[in-house]
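One structure is given below, encoded as structure tokens.
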Amino acid sequence: MMNSDGPEIIGCRDIDDISAKAAIAVVEIASRAIAEEGTFTIALSGGSTPLALYTRLSTDEYKKRIDWTRTHVFWGDERCVPPDSGESNYKAALETLLSRIEISESRIHRIKGELGEAAAPDYEITIKKVFGIKERELPRFNLILLGMGSDGHMASLFPWTSALSEDKSAVASVHIEKLGSNRITLTHPVINNAKNVILLVSGKNKATALKNVLEGDFDPQRYPAQLLRLAKGNVKWFVDNPALSLPSSR
Ligand code: 6PG
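Numbering (my numbering), first residue to last: 834 to 1083.
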């Protein structure tokens, strides 16, 4: 279903339906990128919502539909933890997808959370090298996958945090007071520069934030995912019925 004056919202029954529909979209974007550019650059999301999608992409039905020999895998954000931590977004993607497909280690560009704040410049150097861009240029990912928190955050762009005002660097480090957690995140200029952005939103606990993000007054300090209203590329929201449970005021 297309909102006449906003992003494309694809209504789904539940998390499995989100994963099924999003998998088709990811394959389409990958195939087009490789056909047109010879390469596919994807930034994976952290959190739990995308794990069913990653598992689906790793199945025999899907794993051959993306040419992983032409793909570079990044992350939208990472916790400042070692790669073997249960908190690591890298570890979650490794277990559900990357360890189950044929992809060279050299094409997996994890954020080295164990470095703490220093992981941000380290990751930025990696991104610029892989994209072959200069100092002030922004990378243009073929696809950035995101989840959304029940407070309307995306990646690690949390409400009223310093990372929201970072508009020069591609990567920022940020302390999330309410989580007692340090994180590394792509910044909003990079997310909004992507050719495609896919958000996966599941569950009733996201309904209030989703309604405010999609329909509320523009207040990105309060609802950071509203920054996607400035996106240059195609934005698709795959949202299940529980997350859409609040009546739209459109
Ligand atoms: C992270 C994610 C974060 C996540 C949302 C939603 O590192 O946790 O990048 O932005 O996408 O918090 O998380 P769930 O999918 O677990 O609800």
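All C-beta atoms in this analysis are idealised placements derived from N, C-alpha and C, irrespective of residue type, glycine included.
In terms of residue numbering, what span does the alpha helix (DSSP H) encompassing K1044 cover? A1040 to E1048
Same chain only: Cβ atoms within 6 Å of L1061, ignoring 5 sequence neighbours per side: V1068
Could you tell me which residues DSSP pairs with F873 in its beta bridges? T904
Alpha-carbon spacing of A885 relative to Y895, whole angstroms: 13 Å
What is the DSSP secondary structure of A1076, reduced to helix, strand or coil? coil
Taking the C-alpha atoms as reference points, what is the distance between A855 and M987? Looking at the two C-alpha atoms, the distance is approximately 17 Å.
Looking at the unbroken alpha helix (DSSP H) that takes in L884, where does it start and where does it end? L884 to L890
Would you grab the beta carbon distance between L930 and S891 for me? Rounded to a whole angstrom, and I think it's under 8 Å. 5 Å
From G909, W901 and S918, pick the residue whose C-alpha is nearest to that of I936; which is it? W901
Whole-angstrom distance between I843 and S837, CA atom to CA atom: Residue confidence is low: S837 scores 46 on pLDDT, short of 50, so the model does not pin down where it sits. Its coordinate-derived value is still stated next. When rounded, the distance between both Cα atoms is 13 Å.
One or two residues paired with T1018 in a DSSP bridge: D910 and A1005
Residues near A866 by beta carbon distance below 8 Å, same chain, minus five either side: T872, F873, T874, N975, L976 and K1028
Extent of the continuous beta strand (DSSP E) to which N1029 belongs: N1029 to V1034
Classify I944: buried if its beta carbon has 16 or more other beta carbons within 10 angstroms, exposed otherwise. That one is buried.
Per DSSP, what kind of secondary structure is L930 in: helix, strand or coil? coil
Find out if the Cβ-Cβ distance for the pair L1041, L997 is shorter than 8 Å. For the record, residue 1041 in the displayed sequence is Thr; it is not Leu. The Cβ atoms of T1041 and L997 do not sit closer than 8 Å to each other.
Coil, strand or helix - E841 by DSSP: strand
Cutoff 7 Å; reference S918; Cβ partners in own chain excluding five residues on either side: Contacts found: K924.
Terminal residues of the continuous alpha helix (DSSP H) containing R977? According to the sequence shown, residue 977 is Ile rather than Arg. Per DSSP, I977 belongs to no alpha helix (DSSP H); it is in the beta strand (DSSP E), L976 to G980.
What did DSSP end up calling L971 once you bin it into helix, strand or coil? coil
For a test of the three-state rule: what should DSSP assign to K1037, helix, strand or coil? helix
Measuring only the C-alpha atoms, how far is L1043 from S989? 17 Å
Per DSSP, the bridge partner or partners of F1071: I843 and L1033
Can you tell me which of the three DSSP states M834 falls into? In this predicted model, M834 has a pLDDT of only 41, less than 50, meaning its place in the structure is not dependable enough to derive any value.
Answer yes or no: the CB of D910 versus the heavy atoms of the ligand 6PG, is any distance below 7 Å? yes
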